[in-house]
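Enquirer: Pasting a structure here, questions to come.
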Amino acid sequence: MKPFQLASRDACQTDTIITIATPVRQVFIGEGYCTLIAGPCAVENRHDYLNLAHHLKELGADILRGGLFKPRTSPYSFQGLGRSGVDILNQARLETGLPVITEIMDVRDLDFLYPHTDILQVGSRNMQNYTLLEELGRLDKPVMLKRGLSATIEEWLLAAEYLLKGGNKQIILCERGIRTFETYTRNTVDIGAVPVVKQLSHLPVIVDPSHATGKWKMVTPIACAAIAAGADGVMVEVHQDPDRALSDGKQSLTPDNFARMAGKLIQHTLINHKQGASQLLL
Ligand code: PEP
Ligand code: MN
2 MKPFQLASRD ACQTDTIITI ATPVRQVFIG EGYCTLIAGP CAVENRHDYL
52 NLAHHLKELG ADILRGGLFK PRTSPYSFQG LGRSGVDILN QARLETGLPV
102 ITEIMDVRDL DFLYPHTDIL QVGSRNMQNY TLLEELGRLD KPVMLKRGLS
152 ATIEEWLLAA EYLLKGGNKQ IILCERGIRT FETYTRNTVD IGAVPVVKQL
202 SHLPVIVDPS HATGKWKMVT PIACAAIAAG ADGVMVEVHQ DPDRALSDGK
252 QSLTPDNFAR MAGKLIQHTL INHKQGASQL LL
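In this note's numbering, the protein residues as written are 2 to 283.
Structure below.
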């Protein structure tokens with residue numbers, strides 16, 4: 002028996018496929034699909050977020066991202082709109098019909114965030130916040146677990162085990178780069194982790210090439226590498242004006258660059274015998 006009992010393929014021979022339903026579409030995450038999650042690092046204001054959300058929908062995004070609670074290295078950096086921004090995220094969700102994902106940093110925000118989000122994200126810095134994981138493990142809502150900055154694959158899967166042990170089966174793993182001696186990129190993308198985790202576990206694996214590299218010019222090549230390596234989708238940061246972004250502008254794609262990346266990923270998706278992840282209901 003592997004140390005990560007429930008995440009392991011021994012526990013579940015079939016791949017976990019997560020279905021997220023909104024009134025107008027179904028989105029799938031898991032083996033056989035290529036799910037595109039896109040949006041700014043942080044929700045900054047209503048006007049820009051709504052414009053971008055509509056634009057991303059037209060360009061083929063399946064799920065919208067947008068941080069409200071931002072885990073910033075410096076306490077003096079923009080910390081996100083917090084609870085006051087949830088209404089903006091919710092409006093984008095209702096107007097576009099796209100599901101949304103946002104990060105939860107503190108278990109005290111769970112009841113507040115729960116009704117307004119389709120996937121809850123656990124950021125790298127909280128991968129081993131076991132109290133938070135235990136609470137999210139009791140939910141009937143998908144959770145995306147980002148790999149810790151310095152976590153081994155086994156530690157990552159054991160963190161997923163905390164979520165699964167509570168009964169939540171809808172867990173998505175996200176590789177977002179790890180700390181190494183290399184300083185040219187923000188983190189070092191562990192593309193090898195994708196086939197390893199897909200072999201060890203039945204859970205979906207998404208790659209975040211934005212935080213993994215820190216450089217927008219690297220996002221498309223790494224996104225393509227991720228899908229070629231067997232990832233079930235990517236999560237990328239997109240900003241309408243990256244130079245003015247309040248966080249992570251250097252790694253943010255413009256909508257035009259997102260469109261180019263999506264075009265390239267469609268080719269890789271076909272080669273990999275994967276499908277687009279959205280099914281429209283109307
Ligand atoms: C994020 O995706 O918003 C984020 C903060 O990423 P990470 O937790 O991987 O640093
Ligand atoms: Mn970011």
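Note that beta-carbon positions come from the ideal geometry of N, C-alpha and C, so glycine has one too.
DSSP three-state call for serine 9: helix, strand or coil?
Expert: Strand at serine 9.
Enquirer: List the endpoints of the continuous alpha helix (DSSP H) containing lysine 265.
Expert: From DSSP, the alpha helix (DSSP H) with lysine 265 extends over 256-272.
Enquirer: Under a three-way DSSP split, which group does tyrosine 34 fall into?
Expert: Residue state, collapsed to three classes: strand.
Enquirer: Distance, Cα to Cα, alanine 199 vs aspartate 63?
Expert: Correcting the residue identity first, residue 199 is lysine in this sequence and not alanine. Whole-angstrom Cα-Cα distance: 22 Å.
Enquirer: Just to check, is the beta-carbon of aspartate 209 closer than 7 Å to a non-hydrogen atom of the ligand PEP?
Expert: Yes, the Cβ of aspartate 209 comes within 7 Å of a heavy atom of the ligand PEP.
Enquirer: With distance defined between alpha-carbon atoms, name the residue in Asn273, Ile272, Val239 and Asp249 nearest to glycine 61.
Expert: The candidate whose alpha carbon is nearest that of glycine 61 is Val239.
Enquirer: Could you give the distance in angstroms between the alpha-carbon of leucine 57 and the alpha-carbon of glycine 40?
Expert: About 8 Å.
Enquirer: Taking 5 Å as the limit, tell me which residues put their C-beta closer than that to any heavy atom of the ligand PEP, in chain order.
Expert: Listed by chain position, these are Gly68, Gly124, Ser125, Lys147, Arg177 and His212.
Enquirer: If we count the other Cβ atoms within 10 Å of its Cβ and call it buried at 16 or more, is glycine 81 buried or exposed?
Expert: Looking at its Cβ environment, which holds 16 or more other Cβ atoms inside 10 Å, glycine 81 is buried.
Enquirer: Could you give the C-beta distance for glutamine 248 and lysine 71, rounded to a whole number, given that I count them as a contact under 8 Å?
Expert: Note that residue 248 is serine in the sequence shown, not glutamine. So it is a contact: roughly 6 Å between Cβ atoms.
Enquirer: Output yes or no for whether 8 Å exceeds the beta carbon distance between methionine 219 and threonine 255.
Expert: No. Outside cutoff.
Enquirer: Give me the Cβ distance between leucine 266 and alanine 224, rounded to the nearest whole Å; I'm assuming they're in contact under 8 Å.
Expert: The Cβ separation is near 6 Å, so the contact holds.
Enquirer: Round the Cβ separation of leucine 174 and leucine 204 to the nearest angstrom and send it over; I've been treating them as touching at under 8 Å.
Expert: Confirmed, about 5 Å.
Enquirer: Give me the Cα-Cα distance between valine 237 and serine 253, rounded to the nearest whole angstrom.
Expert: Answer to the nearest angstrom: the Cα atoms are 8 Å apart.
Enquirer: Closer than 8 Å is the cut-off here; do at least three beta carbon pairs connect the stretch 154-166 with the stretch 4-17?
Expert: Cβ pair count under 8 Å is three or more, so yes.
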